[in-house]
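Contents: one structure, followed by commentary.
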Amino acid sequence: MNQPQMSPFGPHTPVIPGITLLEASAGTGKTYQITNLVLRLIVDNGVRLPRILVVTFTKAATAELKERIRQRLVEAQRAVELGEAAADDALLARFISDANTTATRKIAIRQRLRRAREEFDQALISTIHGFCQRMLQLHAFETGTAFGRTLQTDDSTLLDTIVDDWMTHRLHSAPSALARLLRQGCGVNRTQLRRLVRLAVHDPDLPRLPQTVPITLEEWFDELRALDDIAQAPDSPVQQLTDLVAKRQKAFHGTTYRATSASGRLQTLQQWLSAPSHLPDPSDAWIRWFFASQLRAKATSAVGRTLSEHAFFARLEALVRNGAALATGERIAFVDHAQAAIQAHHRVHDTQSFQDLLRDLDRVLAQPDRGPRLCMAIRSRFDAALIDEFQDTDALQWRIFGQVFGGIGRPAPDHYLYLIGDPKQAIYGFRGANVHVYLNARGEAPLHRRFTMQRNYRSDGPLVAAMNHMMGRAGVFGDTGIDYIPVSAHHPNSRIQFPSDTDPNVSAPLQLVWVDESSLGGAAGTLVGNTLLNTHLASACASNIVGLLTGDVRIGDRAIRAGDCAVLVRGHGQAASVHAALTARGVPAVIASQGQVFHTPEAQSLHRWLQALSSPSNHGLARVLAADPLFAWSAAELPDGQDLDPLSAAHWESWLTTLAGWRVLFQRTGFMASFRAMLDHIPPWSEPPCAVGPRILGTEGGERRMTDFLHIAELLHKQQATTRSSLVGLTSWLERRRLEGHDDTEAAELRLETDEEAVQVVTVHKSKGLQYGVVFAPFLWKDEGGRSHPPVVTADPNDPTQRRLVLSASGPLAEAATERADLDSRQEGVRLLYVALTRARHRCVVYWPGMMGSRDRRVHAPLAAVLHGTHPSDPHASSDRILSAVQRLADDGLEAPDAQLAELRDLARTSALDGVPTVGVQVLAAPDSRIWSPPKEPLERLKARQLDRAVDDGWRRHSYSAITRSDLSRQADDQVDPARALGFDDDGLQGSEHSRPHLSAPSPVSNLAERADVPLAGLPAGADAGTCLHAIFEHVDFRSAHPESLDADALRAVATRQLEQHGFRDEKHADLVVEHFPAVFQTPLAPLLPGHRLCDIHLDDRLDELRFDFPIAGGDAHGRTQEKFSRVTSRALHRALSTRGDHDVVPLEWLNRVAHLGFAPLAGMMTGSIDLVFRVRETAADIGRWF
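Encoded structure:
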């Protein structure tokens, strides 16, 4: 489908209000263009940065955008100030030219850029969920949003609970036959239910098809029991039927109803009726034998016709045909239960999900009364919105932005809405992204407001030409409204150099490697198994990488390195095969974020460790743990039930004692402390002595193993801290995570174990947005379609921008949903291919084993559609290249491998640029087992970096504790310690408001009051007691000590809890607090507030431990100006306080001490917390005054 021609977007293209579409291509600098758009809105249009909304779809992309925008602002400000910019930076060159037109214009541009940098932290650059959350919070009254709701970022535990509760509800109370039918016939198992609950909760508003079923499982089962009772009777209709057929009465057609099969049919039916473990297909011959419809059609006598009219056969046929609806009914019931359970959970725990943020905002915007007000309120905050990665949006997200900023349904004439994306890279359908929403939204932008980005800044010119040649043919992306747009290259020449005598076909940047399957042991014209082919290609790819690294190949002025290469895969199994093949050849490789850490051997080891700690009396678990690779006891060192020699017995007793110690440590201080102690453990047999952690690092693959151990430990610690799990609970949680087929949470993805130069093995999905020097793609030949079966989310056939959840287990609805899902999957597969091929900067190597006839599933593979699909002049040319390639294979005789190889060579021949081919075709050679040895590079002599600028060591964060400590130190020693004068303690750490004074120094307030009678003298002395009393003041309700409503029990409860937490467990300490604290609370707050007491202050009128930060001596101007400020000194502080003249408030003796404080001159920020800020109100309606 050819789209109207779009104009290129450049630095001189006007930025005007309304909807504008920027359609990018891979490598065309989409992020760079967004930063330029932000600059142009600020400089050209005068939009302030906080009034520009920038939205993208991941946290990582958000962080990158923030940094890139900040850096671009710095570059622009520097360019305008200095009047010079990079030669290829057309935008900054235009800014400089514009600034030089008049002095007024230059001042305006400089002010706008400076203000943008100052206001940068106020800019809203976030994910779409972050934007919705911010708007709901800022407009809580308009949206009716409850305050303080917690965002639940990981719902895996909640979903597990829902699945387990449902299985318990359905299976445990059901008769054994019904429970078996639920498990085996209706899919009531954890794997299927977890998949279904994910679909159900991602978008609860999705229409569900069907919504009801004709019969419930209980009704169906009751009918089954009734039919079973009939069938077991001696003179049942099925017995009569069997007798007629067995005796050859010719009551029915003999071909279908044979006498030899009669007794077997009856036995099979009776067994199924009494113990139905599965739901038979209505087309199965054995069950159709008893269907009324078939009996009527096959009856050949009056006896047969009479028997066929018996109600049993009609009821049995209806039962079997309705059986297809049972699984559907169970799915409907489970989805209803799951959605209700999730809503109840969020309501009880005051939480919400990411999807709730979108739904809540959309819900209010759609209301006729509140929607327009909220829309205008949000618009009033922003003048422009830039939506990045717009191809990954869905209908709900576009509805929000379209209404607020695009004027869809509500005019927004003065707002800028820029939609930036690349539909060719829409590959996240499994996350709910809908490329049809992008294509529909494209129509909202006028034709003259649709632009493209046609310059590739990533890949070399020859590689760009190869991509234009291969992907630029008709219908590559199917009938989707997506076209390949040819691009030019910023780097016209190849930056990778091969030896001068290299065959041009070999040095071509896009390599198509033909895989001859007959060389793998298969017969001519037949396919080998996928497992064998995957293993072979992983090995061949590793061999090719070794060949590249050992050849005289250079990138720029250096030799190619392992870190320049990446292998793109589709799944974890492929990644593991490639990683193993590379490491076997000595090539360092890492699997980048592929797979789940819970599915590693390290997760199993930690699970065994937790099991052993949970069951200290189970020596079997202790023995299994000792033999685990984590501790690696040998068989000789383990007890075998026989008498142990004294040394072995001592070792075993030490081991059991160690386990008990880890258990106690876990119970006292938590998981992480116990885990760290385990890593520090030195096994008794270790020679030389070596702790567990260092031993793991010293093994082969030790970095990978230790990374996984620490990663799992972090997740376990988070789980315990979040849920306060016990040791048994944490063990069960880890077991569930290990048994799951997949964990969708980002936190569980494997992390890189090293930053060293290594080949990156990464999935195509994870590679999006990244780039690599040389890309190898050995597995793009697979057809990923044909796997979609209900329950499945598919596009509505009448409106593809809308999606629906199809729950039907069989029938026309299920078949249509499967067909649509497969088509969408295969079209997305072509887009995945595009993403994979465009990750390369210099060279891309693709492996293709061809097809063995039109029935081979590879004809549906994306690579087949691109390499062997229709040409513009082909008689079978079609907009859907995937489907037309199948027919073309048969009509053009391309089923033979030789013909396919010839077509590839024809593709390479026509790819020449300036007479040099940009596409090369090679036949895969047998992989070899060469070991790669990295070249020895001379070690660079290291030297310390020299500090060549002056550091302002006077500007720092200060606290009152640090200031008073300086005075205490001066009193203790006439010679002031410079380090302490600057606020550092004996450990070299700067003081804070929580620092303790030196106990040997006299207190500065020791002689301000007589201390003959101290009510709390019975408490232990020391700082801990003071901290405890402070905590009691902070947590107690002052009104509990009011003389008119004294609540000693409430005061005792708070006091006891805080005393115990601080290590004071003697009941007499609580008695002292209850006895003397009321007097404190009932003391008038004179002289400032005579007539008011602490016990009069309501909880709502208190702010405890209010944090503060304020600048001193120009502290807030640090880093932004060269202006010098005077430092704060003790004498200056004395003068400032003396101006009050009220010595009842500021005692004279204390004021005199201030003048002699020994702290160094201060500049920077003063930080701390105010113990209590409270409000005094004369009447209930009075807003009061804060003190």
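Residue 7 is where the sequence shown starts when you use our numbering, and the numbers rise one by one after that. Ideal Cβ positions, reconstructed from N, Cα and C, are used throughout, including at glycine.
Hey, residue i and residue j: beta-carbon distance below 8 Å or not?
i, j, result
"Ala-815", "Ala-180", "no"
"Leu-1168", "Arg-1137", "no"
"Ile-113", "Gln-403", "no"
"Pro-510", "Ser-500", "no"
"Leu-215", "Arg-826", "no"
"Pro-1090", "Leu-1052", "no"
"Val-1182", "Leu-1112", "no"
"Ile-115", "Phe-126", "no"
"Leu-733", "Phe-681", "no"
"Gln-1088", "Arg-1099", "yes"
"Ala-544", "Ala-495", "no"
"Arg-46", "Arg-591", "no"
What would DSSP say about residue i, mapped onto helix, strand or coil?
i, result
"Pro-1090", "strand"
"Trp-404", "helix"
"Tyr-434", "coil"
"Trp-787", "coil"
"Phe-782", "strand"
"Ala-642", "helix"
"Thr-151", "coil"
"Tyr-840", "helix"
"Asp-1072", "coil"
"Tyr-463", "strand"
"Ser-13", "strand"
"His-1124", "With a pLDDT of only 47 at His-1124, under the threshold of 50, the placement of this residue in the model should not be trusted; the figure read from the coordinates follows. Of the three classes helix, strand and coil, the one that applies to His-1124 here is coil, per DSSP."
"Thr-1062", "helix"
"Gln-128", "helix"
"Thr-399", "coil"
"Gly-193", "coil"
"Ala-1166", "coil"
"Thr-62", "strand"
"Cys-381", "helix"
"Leu-1095", "strand"
"Glu-1184", "coil"
"Phe-1193", "coil"
Taking the alpha carbon of residue i as the reference point, which residue from the options has its own alpha carbon closest?
i, options, result
"Glu-1040", "Glu-1050, Ala-451, Leu-1109 and Thr-312", "Leu-1109"
"Leu-43", "Ala-390, Ile-406, Met-173 and Gln-928", "Ala-390"
"Ser-132", "Leu-71, Val-1160 and Phe-296", "Leu-71"
"Arg-1220", "Ala-618, Leu-364, Gly-435 and Arg-376", "The requested residue 1220 is not part of the displayed model; the chain covers only 7 to 1193."
"Thr-486", "Ala-846, Leu-445 and Ser-465", "Leu-445"
"Val-851", "His-208, Pro-923, Val-798 and Val-512", "Val-512"
"Glu-124", "Ile-168, Pro-220 and Arg-76", "Arg-76"
"Ile-718", "Val-798, Ala-609 and His-625", "Ala-609"
"Gln-11", "Asp-489, Ser-620 and Ile-702", "Asp-489"
"Ala-320", "Asp-166, His-1162, Phe-297 and Arg-337", "Phe-297"
"Ala-1023", "Arg-1063, Ile-338, Arg-744 and His-1075", "His-1075"
"Ala-572", "Phe-677, Asn-550 and His-613", "Asn-550"
"Arg-111", "Pro-803, Ser-1175 and Asp-50", "Asp-50"
Report, in whole angstroms, the separation of the C-beta atoms of residue i and residue j, which I expect to be a contact under 8 Å.
i, j, result
"Ser-611", "Leu-636", "4 Å"
"Thr-26", "Arg-448", "Thr-26 to Arg-448, Cβ: 11 Å. No contact."
"Ala-914", "Val-925", "4 Å"
"Ser-31", "Val-493", "5 Å"
"Gly-35", "Tyr-463", "5 Å"
Legend entry - the region 392-400 in contact with the region 428-442 per 3-pair CB rule at 8 Å: Yes: the two stretches touch, three or more of their Cβ pairs being nearer than 8 Å.
Legend entry - Sufficient close CB pairs (3 or more, under 8 Å) joining the region 247-266 to the region 228-238: Segments in contact, no.
Legend entry - Validate contact between the region 84-91 and the region 148-160 using beta carbons, cut 8 Å, 3 pairs: Segments in contact, no.
Legend entry - Stretch-stretch touch, CB-based, cutoff 8 Å, three pairs: the region 191-199 with the region 239-248: With contact defined as three or more Cβ pairs closer than 8 Å, the region 191-199 and the region 239-248 are not in contact.
Inset, instruction - Please determine if the region 308-316 and the region 271-288 are in contact, where contact requires at least 3 C-beta pairs separated by less than 8 Å. - result: With a cut-off of 8 Å on Cβ pairs, the region 308-316 is not in contact with the region 271-288, counting fewer than three such pairs.
Inset, instruction - Decide if the region 266-277 is in contact with the region 204-224; the criterion is three or more beta carbon pairs, one per stretch, under 8 Å apart. - result: No contact exists between the region 266-277 and the region 204-224.
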